[in-house]
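This report refers to the structure that appears directly beneath it.
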Amino acid sequence: MTISVGLSTYLLVGAMLFCIGLYGVFAKRNIIAVLMSIELMLNAVNINFVAFSRFTPWANTAINPLIGQVAALFVIVVAAAEIAVGLALVITIYRNRQTTNVDDLNWLKW
Amino acid sequence: MSTMATIVFFIFAIVAVASAWGVVTSKNIVHSALFLALTFFGVAVLYVLLNAEFLAAAQILVYTGAISIMVIFAVMLTLRGDVSVSSPETNKWTWGAGVAGLLFVLIALVILSNGNWRILPMASTAGGTVELSALLFQWYMVPFEAAGFLLTIALIGAVILVKGGKERNDH
Amino acid sequence: MFKEMHNLFQWAWLIPFLPFLSFLIIAFITKRSKGLSSTISILAILTSLGLSIGIGIGVISSGTELVEQPFLSTVNWLTIGGLKIDFGTLVDPMSAMMLFVVTLVASMVQIYSLGYMHGDKGFSRYFCYQSLFAASMLGLVLATNLLELYVFWELVGLCSYLLIGFWYFKVSAREAAKKAFITTRVGDVGLLIGILFLYKQFGTLDFYGPGSLSVQMATNFQDFALIGSASYLTIMALLVFIGPMGKSGQFPFHVWLPDAMEGPTPVSALIHAATMVVAGVYLVARMFFLFDHASPVALEFIAGIGAFTAIFAATIAIAQDDIKKILAYSTLSQLGYMMFALGVGALTASMFHLMTHAFFKALMFLGAGSVIHALHEKQNIWDMGGLYKKMPITTITFGIGVLAISGIPPFAGFFSKDEILAAALQNGHPFIYAVGLFTAFLTAFYMCRLFFVAFLGKEKQENHPHESPKSMTVPLMVLAFFSVVGGWAALPEHNFAYFIHYGAFEPEGMNWGLAAISVLAGLLGIGLAYTIYIKQAIQAEAIVARFPGVYKLLKNKYYIDEIYQWVIDKVMDGFVAKVLYWFDIHIIDGIVNGLALITRGAGSGLRRTSTGQLQTYALVFFFAVVVFYLVLAMGEGQLAALNPLAMLGGVK
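Chains as they are written, first to last, in the working numbering: chain P, 1044 to 1153; chain V, 9 to 179; chain Z, 59 to 710.
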């Protein structure tokens, strides 16, 4: 039996990370844990980008496969910005409300 | 792909997924943060296997380094009560597990049923850091600068948010 | 030469645009400065007058070509589906004549208003409305299609409402403004329905040009019976005619016009001479091809209504005492003239009378305004008298107007009125001719009654009249000049009829025999008035005493207002309104309240889903994504085909 590591394998790893992250977003009560789960999801997306980049043949000159890596790089940038602002918001909310519990952050409801 | 690379892949893929599992299941938020760093590291190794050395480096620096540290600082600043129950589940977690599981099954079905994706990597040395930088600084110059601008704005925004507005300083 | 003229015609849009611009400037910028506002307004209308004269000269020098083929310049305004509406200008002799008349009268009225409205609180507002009024009327004249015309038509109605109700603090002015607005609106509904039907049938609303209404009607349109034996075009013609009936104050929509005297007198001059009321006549003339292709019934209807209005209003005018009311009924009567001229097929005569009437009626209204101004708002002619000593210019110019309207040669009214009467007789309407002739006699009589009593009669001690300032007398003199020479346009070889006619042009000389008869009728009227009011050989009171019923009937304007009041009180308020009220309360409100209740119920139910918990939202969101995907995948029968990347033709 040969275990081959191809594109699908990487995509499956990405899918697992994504769904675990999604579960975290749904299930965690601490808002920082939710943010961490979002980071997991972003990483899963990045794995997909890089995997497709690697497995795309260079035959087609019109499409540079490295675009996938560029996209992943921009995702990292945006993720860094997001986590910075997100954590700043968490700290501000904590100052005002003395809580990081997502269930308590429901004052936008009817 | 050599057997060695296959073994490395499976080790680190399992590390990444398992520690991601740890992130979302751990009741202790500090443990979650540490698991998160581990996941980032595992993903970085996968990048290396995918010939994306620069991204791997960026992953280690930005995620494992900066973001994990920031998360831990945030945890430290907001922690109160017993740390061992600092990250509980909501009472609707079963629903979340159901939807996430369903989504995974769907995605897996799509991936496995798609024949075009059942391919092995070709031996290729192209796609190194040099080509990436050429692409980034020639074709994607403007988005790159925009990303830099975005980061600056985010930094300023974060500082202002945490520091608070003027009226807070007044009293 | 002709090419240069066409370049000039392309700038015709400036004529309505300049007053409109002045309206905007006054309304938004210079409202606080009275001097600036009036200067801008008058400058704008004078420039338009200059342009109109230029275009008039261009039309005359380009001769036949323009008579056969109007000059159109249009831009597309809107295209919705098949509906394509242009906005543009139409230059032909008729519109050129109207442009000249409207701009001349409007500019005279505005200059006159400098003196008349001096010191009024709403001075700037007045000029603002005046500019808008002139702009909309000029736009109406230049309209290339029915919808464009309708837009300006309604704008004219709006401006008349604003100007009649200019002194809004007077209850009577407010009421009169509403009456004018609502009465004309009733007519406009008919016009609008006509427009919609015409569009449905022909797919265009253009007057002239390729594929336009006139071309289609002239070439390939087969008329057909619509209701009973009435043909489609006849119904359309009658529907369209309802609009002009309201606007031009034809019976039974005439009631608003005398009440419109509540506005400042120059406004009355503008409304009655040049703008609002002749819009209806102009529309009928513009759409004359429609009436021509319709069955003769339509034209006979117009002729009948016109003739009836003419004599109906003239009889009322005899018994009125208010100087402006007399002029108002005289206007109604003259409008009836124009209408029945159209009805007997004499487009030329009608337009000619429209022009001359604009000159002498504007003159007389402004003269009346001058008198009222001098006597401090006295309007009853019996309170006046002997004004000729103190107000020579007003008296002389007013006298010219009276002679012109009485049809005495060589004044303007003689030519146009004679042409109408001759056309009526020659086109085979002897009865209408007789009515017209009798009306001419009545007109001469009541106008001279007004003139003799107010200007020549015994001086009243309590009055201290004085001649009006230059700004008021100069327009009077200008208009008097045109009231004298305006009719001479009928004399040269390439005369008025050469340029403005419908169908083939037939040069016609003056019919001096008929002219003599109508002059005789006019002289008879003047003589009768002279005997009664100057010589006092016959006592007016004695006549009244002999026919008290008739006098009362005339004095009360045939009780038309009272009849309308009764109808509205008893039928509309008493019955129709009650039914509608019930319908409104139970059906309309029921639907509205029901909708509100459903919305409220749905809202109070659905708000429970708005928990404010982000995770619940995300859960629902992703669940929906999964469901959508599954539904689509089931629909396609396979998962792989729906793979988004595969669909995009992505990585192979």
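The C-beta atom is built at its ideal place from N, Cα and C for all residues, glycine as well.
Because the structure is a prediction, the values reported are computed rather than measured.
Less than 8 Å between the CB atoms is what I'm expecting for residue i and residue j, so what's the real figure, rounded?
{"i": "residue 540 of chain Z", "j": "residue 453 of chain Z", "result": "That belief does not hold up - the Cβ atoms of residue 540 of chain Z and residue 453 of chain Z are roughly 18 Å apart, past 8 Å."}
{"i": "residue 77 of chain Z", "j": "residue 220 of chain Z", "result": "Their Cβ separation, rounded to whole angstroms, is 15 Å, which puts residue 77 of chain Z and residue 220 of chain Z out of contact at 8 Å."}
{"i": "residue 116 of chain Z", "j": "residue 66 of chain Z", "result": "5 Å"}
{"i": "residue 443 of chain Z", "j": "residue 528 of chain Z", "result": "At roughly 25 Å, the Cβ-Cβ gap does not stay under 8 Å, so residue 443 of chain Z and residue 528 of chain Z are not in contact."}
{"i": "residue 461 of chain Z", "j": "residue 384 of chain Z", "result": "About 16 Å separates the two Cβ atoms, so there is no contact after all."}
{"i": "residue 494 of chain Z", "j": "residue 395 of chain Z", "result": "7 Å"}
{"i": "residue 81 of chain Z", "j": "residue 182 of chain Z", "result": "Rounded, the Cβ-Cβ distance is 11 Å, inconsistent with contact."}
{"i": "residue 73 of chain Z", "j": "residue 83 of chain Z", "result": "Contact doesn't hold; Cβ gap of about 17 Å is too wide."}
{"i": "residue 108 of chain V", "j": "residue 1066 of chain P", "result": "4 Å"}
{"i": "residue 143 of chain V", "j": "residue 1109 of chain P", "result": "5 Å"}
{"i": "residue 390 of chain Z", "j": "residue 367 of chain Z", "result": "6 Å"}
Tell me residue i's beta-bridge partners as DSSP assigns them.
{"i": "residue 129 of chain Z", "result": "Z/149"}
{"i": "residue 136 of chain Z", "result": "Z/143"}
{"i": "residue 206 of chain Z", "result": "None; residue 206 of chain Z has no bridge partner."}
{"i": "residue 289 of chain Z", "result": "Z/283"}
{"i": "residue 1144 of chain P", "result": "P/1073"}
{"i": "residue 380 of chain Z", "result": "Z/438"}
{"i": "residue 264 of chain Z", "result": "Z/203"}
{"i": "residue 97 of chain V", "result": "P/1071"}
Report yes if the C-beta distance between residue i and residue j is below 9 Å; otherwise report no.
{"i": "residue 326 of chain Z", "j": "residue 318 of chain Z", "result": "yes"}
{"i": "residue 47 of chain Z", "j": "residue 380 of chain Z", "result": "With chain Z running from 59 to 710 in the structure shown, residue 47 of chain Z is simply not present."}
{"i": "residue 1077 of chain P", "j": "residue 1057 of chain P", "result": "no"}
{"i": "residue 266 of chain Z", "j": "residue 403 of chain Z", "result": "no"}
{"i": "residue 470 of chain Z", "j": "residue 364 of chain Z", "result": "no"}
{"i": "residue 41 of chain V", "j": "residue 52 of chain V", "result": "no"}
{"i": "residue 88 of chain Z", "j": "residue 191 of chain Z", "result": "no"}
{"i": "residue 104 of chain Z", "j": "residue 158 of chain Z", "result": "no"}
{"i": "residue 1073 of chain P", "j": "residue 96 of chain V", "result": "yes"}
{"i": "residue 574 of chain Z", "j": "residue 478 of chain Z", "result": "no"}
{"i": "residue 663 of chain Z", "j": "residue 1149 of chain P", "result": "no"}
{"i": "residue 455 of chain Z", "j": "residue 535 of chain Z", "result": "yes"}
{"i": "residue 1069 of chain P", "j": "residue 30 of chain V", "result": "no"}
{"i": "residue 448 of chain Z", "j": "residue 525 of chain Z", "result": "yes"}
{"i": "residue 149 of chain Z", "j": "residue 200 of chain Z", "result": "yes"}
{"i": "residue 569 of chain Z", "j": "residue 502 of chain Z", "result": "no"}
{"i": "residue 1096 of chain P", "j": "residue 60 of chain V", "result": "yes"}
{"i": "residue 371 of chain Z", "j": "residue 459 of chain Z", "result": "no"}
Listing by chain order, which chain V residues have their CB less than 8 Å from the CB of residue i?
{"i": "residue 1128 of chain P", "result": "162, 165, 166 and 169"}
{"i": "residue 684 of chain Z", "result": "107, 110, 111 and 114"}
{"i": "residue 677 of chain Z", "result": "100, 103, 104 and 107"}
{"i": "residue 1146 of chain P", "result": "98"}
{"i": "residue 219 of chain Z", "result": "By Cβ distance, chain V contributes nothing, its closest Cβ being about 54 Å from residue 219 of chain Z, past 8 Å."}
Please list the partners that residue i has in chain V, where partner means a Cβ-to-Cβ separation under 7 Å.
{"i": "residue 681 of chain Z", "result": "107"}
{"i": "residue 1133 of chain P", "result": "82 and 86"}
{"i": "residue 184 of chain Z", "result": "By Cβ distance, chain V contributes nothing, its closest Cβ being about 53 Å from residue 184 of chain Z, past 7 Å."}
Determine the chain V residues that contact residue i at a beta-carbon separation under 9 Å, and present them in chain order.
{"i": "residue 187 of chain Z", "result": "In chain order: nothing, as chain V lies at least about 52 Å away."}
{"i": "residue 1090 of chain P", "result": "24, 51, 54, 55 and 58"}
If the cut is a Cβ gap below 8 Å, which residues of chain Z does residue i touch?
{"i": "residue 1150 of chain P", "result": "670"}
Starting from the beta carbon of residue i, find every residue of chain P whose beta carbon is closer than 7 Å, and list them in chain order.
{"i": "residue 65 of chain V", "result": "Residues of chain P passing the Cβ test: none, with the nearest at roughly 11 Å."}
{"i": "residue 155 of chain V", "result": "1117 and 1120"}
{"i": "residue 149 of chain V", "result": "Those do not exist, as residue 149 of chain V stays about 11 Å from chain P at its closest Cβ, beyond 7 Å."}
Name the chain P residues that come within less than 9 Å of residue i, Cβ to Cβ?
{"i": "residue 259 of chain Z", "result": "The premise fails here: residue 259 of chain Z is roughly 56 Å from chain P at the closest Cβ pair, so nothing lies under 9 Å."}
{"i": "residue 68 of chain V", "result": "Under the 9 Å cutoff, chain P gives no residues; its nearest Cβ is about 11 Å from residue 68 of chain V."}
Can you pull the chain Z residues whose beta carbon is under 7 Å from the beta carbon of residue i, in chain order?
{"i": "residue 1065 of chain P", "result": "680"}
{"i": "residue 1069 of chain P", "result": "673, 676 and 677"}
*Is the region 128 to 136 of chain Z close to the region 187 to 196 of chain Z, with three or more CB pairs under 8 Å?*
no
*Is there contact between the region 683 to 691 of chain Z and the region 100 to 117 of chain V, where contact requires at least three CB pairs shorter than 8 Å?*
Pairwise C-beta distances place the region 683 to 691 of chain Z in contact with the region 100 to 117 of chain V, as three or more of them are shorter than 8 Å.
*Take every Cβ of the region 407 to 425 of chain Z, pair it with every Cβ of the region 471 to 483 of chain Z, and state whether three or more of those distances are shorter than 8 Å.*
Yes, the region 407 to 425 of chain Z touches the region 471 to 483 of chain Z.
*Do the region 308 to 317 of chain Z and the region 227 to 240 of chain Z touch if we need at least three Cβ pairs shorter than 8 Å?*
yes
*Does the region 120 to 129 of chain Z come close enough to the region 245 to 261 of chain Z to have 3 or more Cβ pairs within less than 8 Å?*
With a cut-off of 8 Å on Cβ pairs, the region 120 to 129 of chain Z is not in contact with the region 245 to 261 of chain Z, counting fewer than three such pairs.
*Do the region 1112 to 1130 of chain P and the region 158 to 172 of chain V touch if we need at least three Cβ pairs shorter than 8 Å?*
Look at the beta carbons and you see the region 1112 to 1130 of chain P touching the region 158 to 172 of chain V: at least three pairs across the two are nearer than 8 Å.
*Report yes or no: do the region 166 to 176 of chain Z and the region 355 to 372 of chain Z share at least 3 C-beta pairs separated by less than 8 Å?*
no
*Within the chosen definition, does the region 480 to 496 of chain Z reach the region 412 to 422 of chain Z through at least 3 CB pairs nearer than 8 Å?*
no
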